[in-house]
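Taking it in order: structure first as structure tokens, then the write-up.
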Amino acid sequence: MKTSLVAALAVTAAIFSPAGFAAGDHDHAGHDMAKMAATAMVNGTVKKVDKKAGEVVLSHGELTNLGMPAMTMAFRVKNPAWLDQVKSGDKIRFVADMVNGAVTVVQFEPAK
Ligand SMILES: [Cu+2]
């Protein structure tokens, strides 16, 4: 129950986060969620998992939906349980978005 509550809150936060906050000319207020996820999946390599901080450090490709070039940085995660599913060195594909002003992994899958 706790996990689904957290997920529900994260979804609510995503819906109400100001679309204009992210830099760039890209307004995703009108995007269908599923469509956005399908188009914004990028490659990342896990550099560090910090469960205490609830963060994962990823070396990531360009995040076009956030107007961000490729770099290595820390991300929040939508579901804290995901931090148990990745470890340093893992390659993933993921979607990041702004949630409460923090860049957050909102979806991911292992890269094949
Ligand atoms: Cu970045």
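Heads up: the sequence shown at position 107 corresponds to 152 in my numbering, and the numbers run straight through without jumps. Using N, Cα and C, we set each Cβ at its ideal position, and we do this for glycine too.
Other residues of its chain near residue i: CB distance less than 7 Å, five sequence neighbours each side excluded
i      : result
Ala68  : Caution applies to Ala68, whose pLDDT of 48 falls short of 50 and renders its modelled position unreliable; the model cannot decide the point.
Glu100 : Ala119, Phe120, Arg121
Residue i classed as buried or exposed, judged by whether at least 16 other C-beta atoms fall within 10 angstroms
i      : result
Gly89  : buried
Met116 : exposed
Asp95  : exposed
Gly98  : It should be pointed out that residue 98 corresponds to Ala in this sequence rather than to Gly. By the neighbour-count rule (16 or more Cβ atoms within 10 Å), Ala98 is not buried but exposed.
Residue interval of the beta strand (DSSP E) (run including residue i)
i      : result
Asn110 : Per DSSP, Asn110 belongs to no beta strand (DSSP E) and is neither H nor E.
Val122 : 116-122
Simplified DSSP assignment, three categories, for residue i
i      : result
Ala141 : strand
Phe66  : With a pLDDT of 48 at Phe66, under the threshold of 50, the modelled position of that residue is not reliable, and the figure given next carries that caveat. Phe66: coil per DSSP, three-state reduction.
Asp95  : strand
Per DSSP, the bridge partner or partners of residue i
i      : result
Ala147 : Val144
Cβ-based neighbour list, residue i, same chain, cut-off 6 Å, excluding 5 preceding and 5 following
i      : result
Phe139 : Gly89, Val150, Phe153
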